[in-house]
Amino acid sequence: MFPQIKKVKSRVFTNQGGEPVVQFYDNKQKSWDEEIVLDFNRSGMAIFTLDTDDNTDPYIFFGALQKTADGCNPDTNWDFMINGAGNIICFNNDCQSAQDISVRLTLIQRGDDEFANAIISADPKFRNQPG
Numbered sequence: 024m025f026p027q028i029k030k031v032k033s034r035v036f037t038n039q040g041g042e043p044v045v046q047f048y049d050n051k052q053k054s055w056d057e058e059i060v061l062d063f064n065r066s067g068m069a070i071f072t073l074d075t076d077d078n079t080d081p082y083i084f085f086g087a088l089q090k091t092a093d094g095c096n097p098d099t100n101w102d103f104m105i106n107g108a109g110n111i112i113c114f115n116n117d118c119q120s121a122q123d124i125s126v127r128l129t130l131i132q133r134g135d136d137e138f139a140n141a142i143i144s145a146d147p148k149f150r151n152q153p154g
């Protein structure tokens, strides 16, 4: 059986309060939202791509924090990797046991060494249901 690959477009959007937030594109709803749920029933990969607007300072992926609902580290033996351009972040997912995993993506403005303008996403959730 082939691994599942889930691709999600993401962007940095300025909300009504003027604060930058991370949004994810939901292909089923055909809309942008601050949260998204990805269901896995076997091993696979989650790939987040970052759409940037050339008229503003582009953000890049910097890191991620992954926790289960009870605050533990997930037991999927996964890791994440960011490509050299900083616009794609991938998670390898073994999907070995049923669990809900919250992921907080950290983005920084390109060239910002102080991390003063770093933003942290709302939770994209990975739901593992091995079959």
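Numbering (the working numbering), first residue to last: 24 to 154. Don't be surprised by glycine CBs; every beta carbon is placed ideally from N, CA and C.
Inset, instruction - Give the straight-line distance between the Cα atoms of residue 134 and residue 42, rounded to the nearest whole angstrom. - result: 20 Å
Classify residue 113 as helix, strand or coil using the three-state DSSP reduction.
-> strand
**Alpha carbon of residue 104 to alpha carbon of residue 37, nearest angstrom** = 26 Å
Q.
Taking only three categories from DSSP, how would you classify residue 146?
A. coil
How big is the Cα-Cα spacing for residue 143 and residue 72?
15 Å
Tell me the DSSP bridge mates of residue 38?
-> None; residue 38 has no bridge partner.
Q: Starting from residue 85, trace the beta strand (DSSP E) both ways and give me its first and last residue.
A: 82 to 91
Using DSSP with H/G/I as helix, E/B as strand and the rest coil, what is residue 67? strand
query: Residue range of the beta strand (DSSP E) that residue 127 falls in?
result: 122 to 132
According to DSSP, what are the bridge partners of residue 151? 63, 122
task = Look at residue 62 and residue 152 and say whether their C-beta atoms are less than 8 Å apart.
result = yes
Q.
Excluding the 5 residues flanking residue 140 on each side, which residues of the same chain have their C-beta closer than 6 Å to its C-beta?
A. 132
Run through the DSSP bridge pairs and tell me what residue 47 is partnered with.
33, 56
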